[in-house]
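Notes follow the structure.
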Amino acid sequence: MPRDPYEVLDVPRDASEQQIKKAFRRLATELHPDVNPEDPQAEERFKEAAGAYEILSDSERRATYDRYGHDGLRAGGYAPNFDGFGSVGDIFSAFFGESGLFGGESFGSGRSARGAGGDVAVTVEIDLLQAATGVAASAEYEVVERCDTCNGNGAEPGTPIETCERCGGSGQLQMVTRTPFGQMVRTGPCDVCDGDGRVPVSPCKDCQGRGRRAVRQVLEVDVPAGIADGQRIRIAGRGHAGSGGAPAGDAYVLVRVREHERFVREGQDLITVLDVPAPVAALGAELEVPTLDGTATVEVAPGTQPGEVLTLRNQGMPALGRARRGHLQIVLNVVIPRNLTHAQRELAEQLRDSLTEENLVAEESMFAKLRRTLRHHQAA
Ligand SMILES: [Zn+2]
Ligand SMILES: [Zn+2]
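The opening residue of the sequence shown carries number 14 in my numbering; numbering runs sequentially from there.
Here is the structure:
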């Protein structure tokens, strides 16, 4: 005897249509096969929830159930039968459309639900230099694969495989289902043979006859030069294996780029800060700056002011798929000396007393400089 649908959806007897819909959506999301790929109980509970929703979302059926219970529904010719569906994914499509509840690219939208394998998400972490040059990264992940023992046919090696009685060997079933959006006829993979058309007499012990099993795998990813933090790389066919010869899902590799202690990335440009002691800024000097792949020498002009920016062209990040690189912007941080010794103090006093207006005239106002710097960054 099926459970009470109100209990299944955890809603009160007088729940509104909205409440029922919401409860089912919540449950369905929780029990989605992409969320619980290896939990057969989740699948059963999902079917139960879908059955409960079919009853409570139809006012006539709900009234019948309220008065006569499940027996009344059966007497009225109604019995939920989600067993006719190939997979939870199919039921999902029936209720929510092909895109499912998630609607996200990473959950295989657009793929037919015919036994195709699910997508997997994998993360790799690289540093900024690797992001600039590109890198062959590898990531370990868990994936459902074809079982090696039975070669995916689900039979103990050496035991026969028979034609599926339920679908007559076609692997496909026509199903008529009632959904909240009306009656739908659809063809789906046979639930007994999983679309294979054949069933093993003695199921393979390693995969319990499913032809698939979870394994840890190493995914080699060619991370291209110029990749930015948070970008994804799709690797076709490296997701979960499909059933009944259906194609495997894809792997989506999320690339995380670690923060660098010296460089901040802004588009293709890199920004770094270079400390310049005030006397050096006044006198001018050649200074070494770190670059992404080594060091470079920059010329600090005499009279350099705080916040001035030097640009090393083509020392930034490459653009994805292009050879051209961005620039390295060096923000000069003029450091005023502290903790002067007696001798230094005397020198500073001498300098102070000798300063004339000529020494202090600004080539451009602080405001103009700020505006120039901003424009510079926008143009970059
Ligand atoms: Zn097997
Ligand atoms: Zn079949």
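For glycine and all other residues, C-beta sits at the position ideal for the given N, C-alpha and C.
Owing to the predicted nature of the structure, the values given are computational and were not obtained by experimental measurement.
Query	Result
Using three-state DSSP, classify Ser151 as helix, strand or coil.	strand
Quick check on Met197: buried or exposed, where buried means 16 or more other Cβ atoms within 10 Å of its Cβ?	exposed
Can you give, in chain order, each stretch of the alpha helix (DSSP H) that sits fully within the segment 346-388 and has at least 4 residues?	355-367 and 370-373
List the endpoints of the continuous beta strand (DSSP E) containing Ala394.	As displayed, the chain neither begins before 14 nor continues past 393, which places residue 394 out of reach and without an answer.
State the Cα-Cα distance for the pair Tyr81 and Phe59, rounded to the nearest angstrom.	24 Å
Tell me whether Ala295 sits in a helix, a strand or coil according to DSSP, three-state version.	helix
Any residue with its C-beta under 5 Å from a non-hydrogen atom of ligand 2 counts. Can you list them all in chain order?	Cys177, Arg179, Cys180, Cys203, Val205 and Cys206
Measuring only the C-alpha atoms, how far is Glu20 from Asp79?	13 Å
Let me check one thing: in DSSP terms, what residues is Ala168 bridge-paired to?	Pro216
With H, G and I counted as helix, E and B as strand and the rest as coil, what does DSSP make of Gln328?	coil
Could you check if Phe380 is buried or exposed, using at least 16 other CB atoms within 10 Å of its CB as the buried criterion?	exposed
Have a look at Gly85, Ile349 and Val302 and flag the residue whose alpha-carbon is nearest the alpha-carbon of Gln318.	Ile349
Let me make sure I understand the geometry here. Which of Asn327, Pro170, Lys35 and Phe276 has the alpha-carbon closest to that of Val344?	Phe276
Do Val135 and Arg225 come within 7 Å of each other at the CB atom, strictly closer than that value?	no
Cβ of Val313 within 7 Å of Cβ of Ala332?	no
Whose C-beta lies closer than 8 Å to the C-beta of Ala375 among residues of the same chain, with five residues either side of it excluded?	Gln318
Is it buried or exposed, Gly113, if we count other Cβ atoms within 10 angstroms and call 16 or more buried?	In this predicted model, Gly113 has a pLDDT of only 39, less than 50, meaning its place in the structure is not dependable enough to derive any value.
So what's Glu56 in DSSP terms, helix, strand or just coil?	helix
Can you check whether the CB of Val302 is closer than 7 Å to the CB of Leu283?	no
For Gln143, report the span of its alpha helix (DSSP H) as first-last.	Leu141 to Thr146
Closest by CA to Pro170, which one among Gly131, Pro216 and Val231?	Pro216
Measure how close the beta-carbons of Val236 and Ala150 come, nearest whole angstrom, since I'm counting them as under 8 Å.	5 Å
Terminal residues of the continuous alpha helix (DSSP H) containing Val18?	Correcting the residue identity first, residue 18 is Pro in this sequence and not Val. Element bounds for Pro18: Pro18 to Leu22.
Any residues whose CB sits closer than 5 Å to a heavy atom of ligand 1? List them in chain order?	Cys160, Thr162, Cys163, Cys217, Asp219 and Cys220
Taking buried to mean at least 16 other C-beta atoms within 10 Å of its own C-beta, is Thr310 buried or exposed?	exposed
Let me make sure I understand the geometry here. Which of Ala254, Gly210 and Ala144 has the alpha-carbon closest to that of Ala227?	Ala254
Just the Cα atoms here: how many angstroms apart are Arg335 and Ala249?	23 Å
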